[in-house]
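*Asks:* To convert a position in the sequence shown, counted from 1, into the working numbering, add 84. Backbone N, C-alpha and C fix where the C-beta goes; we use that ideal spot for every residue, glycine too.
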Amino acid sequence: MSWNIAGAKAIVTDGFKVMTSCNYSIIVLQETWLVDPIELGGYSVHNIKAVKSNKSGRPSGGLATYISTALHATIEQLAFSTTDLQAIKINFSISHHVPLIIFNVYAHPRKYRKALLFEQLLQKVEEIRCVNPTWDILVTGDFNTNLIYTPEPDDQLAAKKNAIWSVLPQLPSAETRLDIRGKQLVEALEHLSMRVLNGRVTEDLLPKPTYYSAESATTIDHTVVSLPPASTSVNSKLNQLSTVTIHFNT
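Here you go:
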């Protein structure tokens, strides 16, 4: 499960309820706003600290990955992990199973930070794909970049597709939600033989929004994998939550 949970209060109130009731093996959280992680029974937690504000406000960012102890795996947080990018390597005890690398992404709305993050992410994914082409890779999180602007309700999106797409290159660069870096990034990942499970725009398919507000519905959260189609599926149950099911061959 990948979820921009937006704060410790949400983790304690709604988060634990959802996480424990659904019995997920791996839980990936963005924007925890926590310096120290919250423990969850039956899981090991791997934490990237939120950044403390110079003022009296709450910390910003924060990433956490919870991995069920039932997986019988050894876990390593890779050394190049940063404030906005957590990289986890899972070595399964299952015989002949290759490692799984999880990139947990929180792209800060500031575009210069986002550009640096995406450059680093793509570089690391490419390095792993080149050196260890059989390893499984999962890239997921809050990218704060929209593949296509979708201000209309779902039932009106298809009729608006051509008009929306035609104006996308001219959209104002100051609008975070309309930043096309996300589209450029997922296309680059696809060139590395990875698949976009949600948020993909094709000629005949509009993405289902992953973020809702009073003014718009946008697709800013993406999940990209190197796993074969038979091994993965994705669905959304709550706003800003994607449930990715991965089937391991035992």
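Within 10 angstroms of its Cβ, does I132 collect 16 or more other Cβ (buried), or is it exposed?
*Replies:* For the purposes of this step, residue 132 is identified with residue 48 of the sequence shown, where counting begins at 1. Buried, because 16 or more other Cβ atoms sit within 10 Å of the Cβ of I132.
*Asks:* May I ask you to list the residues that DSSP assigns as paired with S128?
*Replies:* Numbered from its first residue, the sequence shown carries residue 128 at position 44. BP columns for S128 point to I151.
*Asks:* Taking P121 as the reference, which of A154, L311, G145 has the closest Cα?
*Replies:* Mapped onto the sequence shown, residue 121 falls at position 37. Of the listed residues, the one whose Cα sits closest to P121 is G145.
*Asks:* On the three-state DSSP scale, how would you describe V215?
*Replies:* Working through the sequence shown from its first residue, we reach residue 215 at position 131. V215 falls in the helix class under three-state DSSP.
*Asks:* Among the candidates A199, Q204, L147, G125, whose CA atom is the shortest distance from the CA of I264?
*Replies:* Counting from 1 along the sequence shown, the entry for residue 264 is found at position 180. Measuring from the Cα of I264, the nearest candidate turns out to be A199.
*Asks:* Check whether the stretch 106 to 113 and the stretch 158 to 168 are in contact - that is, three or more C-beta pairs closer than 8 Å.
*Replies:* no
*Asks:* Mind checking whether G225 and V280 have CB atoms under 8 Å apart?
*Replies:* Locating residue 225 in the sequence shown gives position 141, where the first residue counts as 1. Locating residue 280 in the sequence shown gives position 196, where the first residue counts as 1. The answer is no: Cβ separation not under 8 Å.
*Asks:* Provide the residue span of the alpha helix (DSSP H) that contains R265, from first to last.
*Replies:* Walking along the sequence shown from the start, residue 265 turns up at place 181. First-last of the alpha helix (DSSP H) with R265: 265 to 275.
*Asks:* How long is the line joining the alpha carbons of C214 and L276, rounded to whole angstroms?
*Replies:* Stepping through the sequence shown from its first residue, residue 214 is reached at position 130. Stepping through the sequence shown from its first residue, residue 276 is reached at position 192. Going by the C-alpha atoms only, they are around 9 Å apart.
*Asks:* Could you check the C-alpha separation between A90 and Q207 for me, to the nearest Å?
*Replies:* Within the sequence shown, residue 90 is the residue found at index 6, counting from 1. Within the sequence shown, residue 207 is the residue found at index 123, counting from 1. The alpha-carbon atoms of A90 and Q207 are separated by roughly 28 Å.
*Asks:* Quick check on Y108: does DSSP put it in helix, strand or coil?
*Replies:* For the purposes of this step, residue 108 is taken as the residue at position 24 of the sequence shown. Of the three classes helix, strand and coil, the one that applies to Y108 here is coil, per DSSP.
*Asks:* Whole angstroms are fine: how far does the CA of V309 sit from the CA of D168?
*Replies:* Within the sequence shown, numbered from 1, the residue matching residue 168 stands at position 84. Within the sequence shown, numbered from 1, the residue matching residue 309 stands at position 225. Looking at the two C-alpha atoms, the distance is approximately 19 Å.
*Asks:* Is F176 near A157, with beta carbons less than 8 Å apart?
*Replies:* Looking up residue 176 in the sequence shown gives position 92. Looking up residue 157 in the sequence shown gives position 73. Taking 8 Å as the Cβ cut-off, F176 and A157 qualify as a contacting pair.
*Asks:* For I174 and L311, I'd like the C-alpha separation in whole angstroms.
*Replies:* In the sequence shown, the residue the question calls residue 174 occupies position 90. In the sequence shown, the residue the question calls residue 311 occupies position 227. Using only the alpha carbons, I get a separation of about 15 Å.
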